[in-house]
Every structure is written in C-alpha cells, then in structure tokens.
Amino acid sequence: EKAVLVGPEVEQQDWNCLRMVYQLTGSATLQLQRRLEGESFDHMLWSAHSPSDSWLVASIDLQNSTEPYKIVIEGRPGSAEGSSVSIFEISISDKYCIECDFEESHLCGYTNQWNSNVNWYVGRGDPNSHTHSDEPGNYMYVDSVHTKTLKEVAKLVSPMTMVPLSGCLSFQYQQDHVDGHLFSVYSRDRAGQYQELWRADQPENNQVDWGTETEVVFEVSFNSPKGGRVFLDDISFSPEFCSEETEPTFDPKVADCDFERGFCRYTQRAADAALWRRVSVQPNIYRTGDHTTGTGSFLLANSGFTMQSGYVSRLYGPPLPGNQKYCLRFFYSLRGFSKTGQALAVYLYDTAGPKQDEIWAQSEKTRDAWIQTELSIQSQKTTQVVFVSTCKSFWTCGYVGLDDITVSLGDCELQLGPPSHPSHCNFETGLCGYTQDKHGDEADWVLAKGPTPTSYTGPIGDHTTGVGHYLHIEASQMFAGHRARLVSSVLRGSKGPQCLQFFYHMYGSGTGTLSVLLSSDLEEEDRVLWVHSGEQGISWVRASVSYQYDHSHQIVFEALRGPSLRSDIAIDDIIFQKGPCKGIPRINDTQIVICLLI
Numbered sequence: 001e002k003a004v005l006v007g008p009e010v011e012q013q014d015w016n017c018l019r020m021v022y023q024l025t026g027s028a029t030l031q032l033q034r035r036l037e038g039e040s041f042d043h044m045l046w047s048a049h050s051p052s053d054s055w056l057v058a059s060i061d062l063q064n065s066t067e068p069y070k071i072v073i074e075g076r077p078g079s080a081e082g083s084s085v086s087i088f089e090i091s092i093s094d095k096y097c098i099e100c101d102f103e104e105s106h107l108c109g110y111t112n113q114w115n116s117n118v119n120w121y122v123g124r125g126d127p128n129s130h131t132h133s134d135e136p137g138n139y140m141y142v143d144s145v146h147t148k149t150l151k152e153v154a155k156l157v158s159p160m161t162m163v164p165l166s167g168c169l170s171f172q173y174q175q176d177h178v179d180g181h182l183f184s185v186y187s188r189d190r191a192g193q194y195q196e197l198w199r200a201d202q203p204e205n206n207q208v209d210w211g212t213e214t215e216v217v218f219e220v221s222f223n224s225p226k227g228g229r230v231f232l233d234d235i236s237f238s239p240e241f242c243s244e245e246t247e248p249t250f251d252p253k254v255a256d257c258d259f260e261r262g263f264c265r266y267t268q269r270a271a272d273a274a275l276w277r278r279v280s281v282q283p284n285i286y287r288t289g290d291h292t293t294g295t296g297s298f299l300l301a302n303s304g305f306t307m308q309s310g311y312v313s314r315l316y317g318p319p320l321p322g323n324q325k326y327c328l329r330f331f332y333s334l335r336g337f338s339k340t341g342q343a344l345a346v347y348l349y350d351t352a353g354p355k356q357d358e359i360w361a362q363s364e365k366t367r368d369a370w371i372q373t374e375l376s377i378q379s380q381k382t383t384q385v386v387f388v389s390t391c392k393s394f395w396t397c398g399y400v401g402l403d404d405i406t407v408s409l410g411d412c413e414l415q416l417g418p419p420s421h422p423s424h425c426n427f428e429t430g431l432c433g434y435t436q437d438k439h440g441d442e443a444d445w446v447l448a449k450g451p452t453p454t455s456y457t458g459p460i461g462d463h464t465t466g467v468g469h470y471l472h473i474e475a476s477q478m479f480a481g482h483r484a485r486l487v488s489s490v491l492r493g494s495k496g497p498q499c500l501q502f503f504y505h506m507y508g509s510g511t512g513t514l515s516v517l518l519s520s521d522l523e524e525e526d527r528v529l530w531v532h533s534g535e536q537g538i539s540w541v542r543a544s545v546s547y548q549y550d551h552s553h554q555i556v557f558e559a560l561r562g563p564s565l566r567s568d569i570a571i572d573d574i575i576f577q578k579g580p581c582k583g584i585p586r587i588n589d590t591q592i593v594i595c596l597l598i
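For the sequence shown, position 540 matches number 540 in the UniProt record's numbering, and the numbering has no gaps at all.
Next up, the structure:
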C-alpha cells in the first residue's frame, strides 16, 4: 500500500531548493520524485527509510529545468505495527540548499555535530544579524565559555549536496579573541574525507568544485575557556567565480569519446607511428563489434599483423589540470594474446617533463568481451592519460580494442550524478520491478553472469561492465517453440512519443525470435513493437523503439526458443525515456517504429 501526493506544476528557470519536514516510524518509507510531462516514469530525487523519534529536515536541490514538472511524494507505511509517515512542511525557494540566513526554525537543515561542551547555538540581537540591519535577526554562534579541555571542537554541518556544484561559497562572520581559537571551513564527502576550503587566519577565495555528494562543515577549535566567540550568518552560494582571477572550471567531458565520429581529442605521435586504428565491425559470428551500439566504431591496436617485429602503440588523452581528482572509465577487449601483461596499460604523463607512471595494466586472461575499468587518478601537475599497448613478437600478440572513454570529477567510488533513471535496468540488483509471466509462457528468463552453459550460443559477459549480470533464456532447459515473457511494471500513458532502448544478444545457429510487445487491458491481444529472428552475431547490439500510447500499459520482452540447443537469447541495459528515439538507425539495425493511438 502507498499514499501519493502530487504537487502543482512547477516552472523553474533557476536553481531551487525543496525542503520538507517529515517523520517516519516503524518500517515506513518516503520517496520524493519528479514527474515530467510526456514521460512514463517518475524520476527519483530523494528517499528515506530510517525511523526517527523527532522531526527531520530533507533538503533537495532542484536543478534548473526548461520543462515544467510536478513533485510527487510517495509514502509507504510498511508492514510493521505502528508504522507511519508524517509530513509537516514543504517549501520550494529560489536558492541552493546549502544557503541559509538562519531565520527559519529548521535552520535550513544545518545540524550540530554534537559535543558535550561546545556547540553552535542560535543567537538573536547582539551582535546585529547581517540579514536584517533594521531589526534583530538570527545568526549562529559558538562560545568557548564551556570548554573543558584543549582543542575542543564545534562543528556546524550543512545538508548534503545532492547534485554537482561548482562556484563561490560566501558567508558573514565575526570573531573575538582570535588568538584563542581557529575558525575553518571544510568539505566532507559521504566517505567522511575532509578537504579544507578556507581558514580565518589565511583568508582566500572560497572557490568550490564538488563532483561528489558533499557537506560543508564550519569548524571552530578552542585552546582554552578564554578562546572567545565566533558568529556566523548569511551563507550563500553562486555559480560564478569568487574572483576575476579565478581560472575557469575545467570540464572533464572534453576527454569523453566513443569514437563514433573520430578520435575526439585523443592523439598519436608521429614518432610512435599511428598504430591505433578506428574500425567498425558489422554484426557477425566471428568478431565482436563496438561497445556503444554493437554496430559502431572503436579503436583497435592490431598487434598481430604489423610489419614491425615489435612496437609500442600509444594513445594520448587531452591534458587534465592538476590538484584535482578524476574518475577515468573505459572499456577494453582483448583477443588472441597468449600473454596479457603488456596487452594494455594506462600511464599518467607529466606534460611538463619526462615523468610517467603506470597506474593500471591488464592482467587477466584474454576474453573477447568488452570489460569496463574504473580508475581514480590525481596529480599535483597537469597530466595526460596515455593508453599503451605493447607487442614484442608476432606469436604472442593479438588484438586490443578500446571504446567509450569517459572522465568525470571526483573519486570513482564516490561519484555523484543525477539518480539513475527509474526505468533503467542493468540487472545488477535484480529485476528492477520486471516480473515473469507465469500464465502466458512455458519458461522463465534467467539471471546470469559470465557465459551461458551451452557452447557456441549466448554472450560470454554482460553489456554493462562485461563482468556483471544480464537476463537470458537457457535453450537447454526449454523445448522448441517454448516462450519466456518478461513483463514491465505498469507504465503511465503519454500523449507524446516514448523511446525504449535496450541491448540484445542473439548468437547461435538455432536462435529463435525476440519480440517487444505492448500489453494493455484495453486490447485483446498484445501489439508487436519490435521483432528479430535468427542469429544476429556475436556482439551485444543496441535496439531503439519509438512508440506512442496514451493509456496505462506494460512492455513485454518475449523470447521464443529455436529448433536447437544453440538458441540462447539475452537482453541487458533497458531504458525508457521521452521520445522519439534520437539518431539515425544503421541500415542493418532492425528497428520498427509504430505509433499507437486509441
């Protein structure tokens, strides 16, 4: 059971902050979602599931949007006796959630990290709050009078940022007895790692650039009971630079490349020879296609068929500014190597000198599948990421494939971005709300990892990472003509087109049929949106289906077993989004677009 509140339509051109005062008891849960016109799914913004004996404040940053939307609040009481969901206040203001003037009783979600001796308190009147010059206003202050030991610390902690932020953090403060305390401002990520942003004895611009979920911590440490006081008010944030001398924020997306339209900003040097080649492999049963679509382009270091007896191929990425942590992700594929130690390695090159450090090298056995790798990198100086493939002899070398390189700010393990799309399922955490049709089929879709049990059919790894999960039908457990049906949750109807994208794998001489159907209570039979039959190649291939339906419906993935055991069919990385599907399908990419209106 659940209760749903739908708010009025919101149109925002600027950044907004939504605050909600709530309380959960027992096993109750609470979700906050954003509903866009023309989409079948709501977008998750925030959720809570921990009970509390007091009111709590949720602070959610709402990024600027060009499309109107509605806020949806969904509460589930849970099965435990006495469980409940309570909401006391909801407000949307045109500011960032870390901004605060402390005039509201909830203090904008700022909290004390409790210390039995010294803490931040709400003050009023003296000194005059910076917020209201003509009348007493609120501010926060901390006093050393209750200090018992050396280096007592008081911490005032902001709400956790929910989206990446880059700009200038400002605030008003006063101090007395500055020799008796140290006033500092830190950022703290979800793992508890601190980074100093500012100190009162070394004031500089408070320029911030957060790519991970972050809290701001205002910290005062005292040396004695006569350490004085610190007053704080009017915390604000601006996406502009703190100073005209501040260097522009680096956009790591300049290092992204899927090689569909060339090498992007990646280069090779004449002295190394151009040994990385951009290639495209059409679906077939012998060679793996690219990772992006299965029919696109990728880079290949063809180590086995070179005129040289041995060589090193290097691919240089664009310069990455120093004093920043980055997350590098890429996909690679190996084939034909008898020794993998030097098949592919990643180095960091110092652009100002000859220094180079190896940060990763392929050590697993050869696998003709696309494997994802994540590397957190950081350097004090400007560096370049360099992909290196080494071949010493014709007899030990094979092929090295490289595709879908991305670079983002922050540690890979603490990456922050918008919550995953509610309709996106990569089967890493289960079926994502999809269910097996127990009445309309004779078999089930099976969750798998790695190769399927039968030789010469099915994938050897998933599409998402190469080492994750996917769904498939196991032909050895079915009879010819048997079906397996996977049914989505109920989708809202839409007056505009929707785009369904997914990856499919149909390899095996006896492969049957994969269909995508639309099921509705208003129609007697399912509608066919997309269908493919027979062996399609050894690669994962992307399918795109545009459709329109203005009533509640479900999407069904139906696999029909072929005439032999070599008939495994697999699917992975399903996503629905507002359509129509973008891009021009390739000639051999079977795509059926049907508009359904009733």
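Just so it is clear, CB atoms sit at the ideal spot from N, CA and C, and this is done for glycine as well.
Query, Result
"Paired residues, beta bridge with Ile92 - DSSP", "Leu18"
"Touch test, the stretch 567 to 584 against the stretch 468 to 479, Cβ-Cβ under 8 angstroms, three pairs minimum", "yes"
"Between the CA atoms of Ser509 and Ser564 - distance to the nearest angstrom", "8 angstroms"
"Secondary structure, beta strand (DSSP E): runs of 3+ residues fully inside the UniProt domain \"MAM\" (255 to 414)", "276 to 280, 297 to 302, 311 to 316, 324 to 335, 345 to 350, 356 to 361, 371 to 379, 383 to 391 and 399 to 409"
"Sufficient close CB pairs (3 or more, under 8 angstroms) joining the stretch 1 to 12 to the stretch 68 to 79", "yes"
"Rounded C-alpha distance that separates Gly401 from Gln577", "30 angstroms"
"6 angstroms Cβ shell around Arg335 - same chain, five flanking residues per side excluded", "Asp368, Gly398 and Tyr399"
"Sequence-distant residues of the same chain with beta carbon closer than 7 angstroms to Ser79, five excluded per side", "Ser27"
"Assigned secondary structure, Pro8 (DSSP; H/G/I helix, E/B strand, else coil)", "strand"
"Unbroken beta strand (DSSP E) run spanning Val490, endpoints", "Where Val490 is concerned, there is no enclosing beta strand (DSSP E), given that its DSSP letter is neither H nor E."
"Residue span of the beta strand (DSSP E) that contains Lys226, given as start and end", "Counting along the chain, Lys226 falls outside any beta strand (DSSP E), and DSSP gives it neither H nor E."
"DSSP three-state assignment for Ala475, whether helix, strand or coil", "helix"
"Cα-Cα separation, Leu45 to Thr212", "16 angstroms"
"Those residues which DSSP pairs with His106 across a bridge", "In the DSSP output, where bridge partners are listed per residue, His106 has none listed."
"Test item: CB-CB of Val10 and Lys70 under 8 angstroms", "yes"
"Under 8 angstroms between C-beta atoms of Arg278 and Ser297", "yes"
"Identity of the residue in Ser184, Glu215, Phe222 and Gly167 nearest His177 by Cα", "Phe222"
"Separation of Gly192 from Ile359, as counted between CA atoms", "25 angstroms"
"Where Val145 falls: helix, strand or coil (DSSP)", "helix"
"Lys253, DSSP secondary structure in three states", "helix"
"Option in Ile538, Asp550 and Phe502 with minimal Cα separation from Ser519", "Asp550"
"Contact under 8 angstroms by Cβ, Leu60 with Leu30", "The amino acid at residue 60 is misidentified as Leu; the sequence shows Ile. No. Outside cutoff."
"Of the residues Ala343, Ser455 and Ala271, the one placed nearest Leu300, counting alpha carbons only", "Ala343"
"Pairwise C-alpha distance: Phe503 and His424", "12 angstroms"
"Limits of the beta strand (DSSP E) - the one that Tyr173 falls within", "Leu165 to Asp176"
"Contacting residues, own chain, Cβ-Cβ under 6 angstroms from Pro159 (five flanking each side not counted)", "Ser59, Cys97 and Gly109"
"Outcome for Ile235 when other beta-carbon atoms lying within 10 angstroms are tallied against a minimum of 16", "buried"
"Rounded distance between the beta-carbons of Arg190 and Val217, thought under 8 angstroms", "Not quite, the Cβ-Cβ distance comes to about 13 angstroms (not below 8 angstroms), so this is no contact."
"Asp234 in three-state terms, based on DSSP", "strand"
"Ser50 to Leu431 span [Cα, whole Å]", "24 angstroms"
"Asp550, DSSP secondary structure in three states", "coil"
"Buried or exposed (CB count within 10 angstroms, at least 16 for buried), residue 599", "Because the chain is modelled from 1 through 598, residue 599 falls outside the range shown and cannot be assessed."
"Range covered by the beta strand (DSSP E) that runs through Gly562", "From DSSP, Gly562 is part of no beta strand (DSSP E); its letter is neither H nor E."
"Proximal residues to Arg265 (C-beta, below 8 angstroms), its chain only, five neighbours per side dropped", "Val254, Ala255, Cys257, Gly317 and Pro318"
"C-beta contact flag for Thr267 and Pro321 at 8 angstroms", "no"
"Beta-carbon proximity list for Gly294, same chain, < 8 angstroms, skipping 5 on both sides", "Pro283, Phe503, Gly537, Ser539, Trp540, Val541 and Arg542"
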